[in-house]
Every structure is written in C-alpha cells, then in structure tokens.
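In this text, residue positions in the sequence shown follow our numbering: the first is 3, and each later residue adds one.
Written out below as structure tokens is the structure these notes cover.
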Amino acid sequence: MTLSGMTKGLARQGKRAWDAFSGFITVGMLKLLRMIDANSTADFGAFVMRHVGPFLPEHKIGRDNLTKAFPEKSADEIDKILIGVWDNLGRVGGEFAHLDTLWDYDQTRQKRGRILDSDESLARLEVMRNDGKAALIFSAHLSNWELAAIGAQAFGLSTSVLYRRPNLGAVADALIALRAKKMGTLIRAGMDAPIKLMRELEAGQHVALLVDQYNVQGVDVTFFGRKTRANPLIARLARNHECPLYGIRVIRYPGYHYRLDLTDEIAPRRDAEGKIDIEGTMQVITDVIEQWVREYPEQWLWLHRRWR
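This is the structure we're talking about:
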C-alpha cells in the first residue's frame, strides 16, 4: 500500500471513530435531556443560544438577511429580531428530546396544556381527514417546525413526511425513533424520494414537505422583494397528481404554548392549458410563507443564505 493509500485509510478510520463518538455523546445527551422537563430544557437552550449565537458566523448571515428583508427597520430592531431567532432556535433544540411528549392537546378541552385551541384549523383538519382525498401540505422553519407534522398526526390526519437524515448514524437513528412515534410515515430525502412521495399520494396519503430554503437547482421566486430559488418538488407533485394544496405552521406563544395553523385550500397557478404551472405555484407558496414570516419574524430561521 502506498503512503497516500495508508493516509486515506487512516483518515477514514478516524472519521468513523469520530462519528461513533459524536453519535454516542449526542444520544447520551438526548437521554439525559429526557430526564428533565421540556420547559426547563427549552429555557436552558434559549439562554445558551441568546448568548452564544451572536458570536457564530450565522449571526452575520441572519443580520444580512434581515436587513435585506426589512430595509425600513433600524439596527436595534434588527438586533431584537435576531436575538429572538436565537432564542427560538435554542428552544427548538431544548425541546427536541421531548418531541414525542410535547403535543398534549386535550380535544375534550377539560384541561389546558401547551397547545392552544385553534377551531378553524381543527375544522379544516377534520375535512381533510374525512374527504378521502390525498393532499399536499407545505410548511416552513417557523417556531418548532417539527410540531406541525406531530399536530396533524395527533388530529388523525394520515401523513407522510419528507425528512433529511443526519450524517451520523447513531444520531439519525435516535432522532428518527423520536419522530416516528408521532409523525406518521417518514420518507428520506434522496433521488428516489419523488417516486416514493407520488406513491403515497396515489395511496390517498397526505404528503408534507418543508419548502422555505434556498435550492440551487430550484425555480426562481421572489421572497421579500428579492429573487431566490425554491425547491419545486411540491409543485411538480401537485401537477402530476392534481390534489389539494395546503399550508401548515406552528406559532409559538409565551408561557410554553403553541398553536397549529392550517390554511384554507390554496389554488395553484395554472398555464394556458389548465395544467399547474410549476414556477407560478412555487411563487404562490412563497408568498404564503413570506406572510407567515412577516407576522412572526423572530420565529423563522434567518440563519441560512436565502438569497445567493
């Protein structure tokens, strides 16, 4: 074996060892956090990220994004939103170990838990659950975005969710185990994901996707007045299957409360032949997400490069 081959082999072994160690630590942390109540872990995560976040490279990205999105806001206003972003992200991290227990909505309304009443959304979910139709549901990285799929499943909506698997095997297994308990069918993102999602629609399932991040191979859309690119997968699925389209989000409220918000059915944009227009429909979806973000800017994940 050449020196170069030996070096590469050692590097691979080192990476595997590091991945195994990192996975062991992460899984151990999740187990430890599950021994502490969710409110305390959320508060701790928020405290840490409010103080650590401003020193991370993503803070500069977030400030640049917010300045572009809200040119009318002062530097102090931007800073206040950005601290809120770190606070929310820390809470999401602190809540993650408790994903399978966070949703405590009592449909009899005899006790008050974390989940606030949302009569209109509940009525829409009941219609979706009972109409016998497949549907496409989009969401965004707002509040604790994991709760949108959990809430829909809790209300009896049979759902298949597209997710990205973490690189570390042990971490991925632990996180998937937490999600699978409450989120329905999980479809891993990959080359075969569109085919799997189409099969789920053909079987009458409700398919949910996060659609608010920049996608290099995406279609052009306008977000906060600036051109960016969005993953067109959900619009392509809608074009191929012709099923209803909805948006869903979770809003965070003070006192460890959340509310699920489901839109009315959203009309896609169509071309001259009456078929769903991919780019136009992604713009319709992006407009809905922009409206959500404008309502609660501190609850959206501004820390990735939305405009390139």
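All residues carry an ideal CB built from backbone N, CA and C; glycine is no exception.
CA-to-CA distance, residue j to residue i, given in whole angstroms
i      : j      : result
Lys187 : Ala151 : A quick correction: the sequence has Thr, not Lys, at residue 187. Rounded to the nearest angstrom, the two C-alpha atoms are 10 Å apart.
Asn217 : Ile139 : 19 Å
Leu127 : Val252 : 14 Å
Pro270 : Gly282 : 8 Å
Met193 : Gly276 : 29 Å
Asn104 : Glu97  : Residue 104 is actually Leu in this sequence, not Asn. Spanning the two alpha carbons is a distance of roughly 8 Å.
Asp273 : Lys113 : 49 Å
Phe203 : Val129 : One point to set straight first is that residue 203 is Leu, not Phe, in the sequence displayed. Whole-angstrom Cα-Cα distance: 17 Å.
Lys70  : Ala205 : 43 Å
Ser120 : Asp222 : 34 Å
Val94  : Asp78  : 24 Å
Arg65  : Met284 : 26 Å
Lys82  : Gly47  : 18 Å
Asp45  : Ser123 : 28 Å
Arg190 : Phe226 : 30 Å
Phe57  : Ile80  : 16 Å
Ala172 : Leu101 : Residue confidence is low: Ala172 scores 49 on pLDDT, short of 50, so the model does not pin down where it sits. Its coordinate-derived value is still stated next. Distance between the alpha carbons of Ala172 and Leu101: 18 Å.
Gln215 : Arg308 : 6 Å
Tyr165 : Ala195 : 10 Å
Gln109 : Asn146 : 21 Å
His61  : Asp289 : 25 Å
Gly220 : Arg238 : 12 Å
Trp302 : Gly134 : 33 Å
For residue i, the nearest candidate out of the options (CA to CA)
i      : options                        : result
Thr224 : Gly92, Ile287, Asn242, Ile197  : Ile287
Gln293 : Asp273, Lys229, Gly249         : Gly249
Asn233 : Ala142, Ala137, Ile80          : Ala142
Asp89  : Val50, Trp304, Gly257, Ala195  : Val50
Asp39  : Tyr258, Arg114, Pro299, Arg308 : Tyr258
Lys198 : Gly220, Ile236, Arg228, Asp222 : Ile236
Leu144 : Asp263, Ile278, Asp279         : Asp263
Arg231 : Arg296, Arg310, Phe46          : Arg310
Tyr107 : Ala156, Ser160, Arg52          : Ala156
Leu212 : Arg228, Val163, Met200         : Val163
Glu2   : Phe57, Val54, Phe72            : Given that the chain is displayed from residue 3 to residue 310, the structure contains no residue 2 and the question cannot be resolved.
Val87  : Ala240, Arg201, Gln207, Gly55  : Gly55
His243 : Tyr298, Gln207, Arg228         : Gln207
Arg228 : Met37, His61, Leu68            : Leu68
Met37  : Lys75, Ala99, Glu74            : Ala99
Where residue i falls, given that 16 or more other Cβ within 10 Å makes a residue buried
i      : result
Tyr255 : exposed
Glu148 : buried
Asn132 : exposed
Ser42  : exposed
Pro368 : Outside the modelled stretch of the chain, which goes from 3 to 310, sits residue 368, for which no answer is possible.
Gly153 : buried
Gly92  : buried
Trp304 : buried
Met185 : buried
Val209 : buried
Gly25  : Residue placement at Gly25 cannot be trusted, given a pLDDT of 47 that sits under 50; what the coordinates show is reported in the next sentence. With 16 or more other Cβ atoms within 10 Å, it is buried.
Val295 : buried
Thr161 : buried
His53  : exposed
Arg201 : exposed
Arg116 : buried
Beta-bridge pairing of residue i - partner residues as DSSP gives them
i      : result
His208 : Ala137, Thr161
Arg272 : Ile278
Arg231 : Asp222
Asp263 : Arg251
Tyr2   : It is not possible to answer for residue 2, since the shown part of the chain is limited to 3 through 310.
Trp302 : Leu144
Arg190 : Tyr165
Tyr216 : Ala232
Ile80  : Partner(s): none; Ile80 has no beta bridge.
Ile117 : Tyr260
Supposed close pair residue i, residue j - CB separation, criterion 8 Å
i      : j      : result
Ile85  : His306 : Not quite, the Cβ-Cβ distance comes to about 18 Å (not below 8 Å), so this is no contact.
Ala136 : Cys245 : 5 Å
Ala268 : Leu247 : For clarity, residue 268 is Ile in the given sequence; the question names Ala instead. 5 Å between Cβ atoms; contact.
Ile278 : Arg241 : 4 Å
Arg261 : Leu118 : 4 Å
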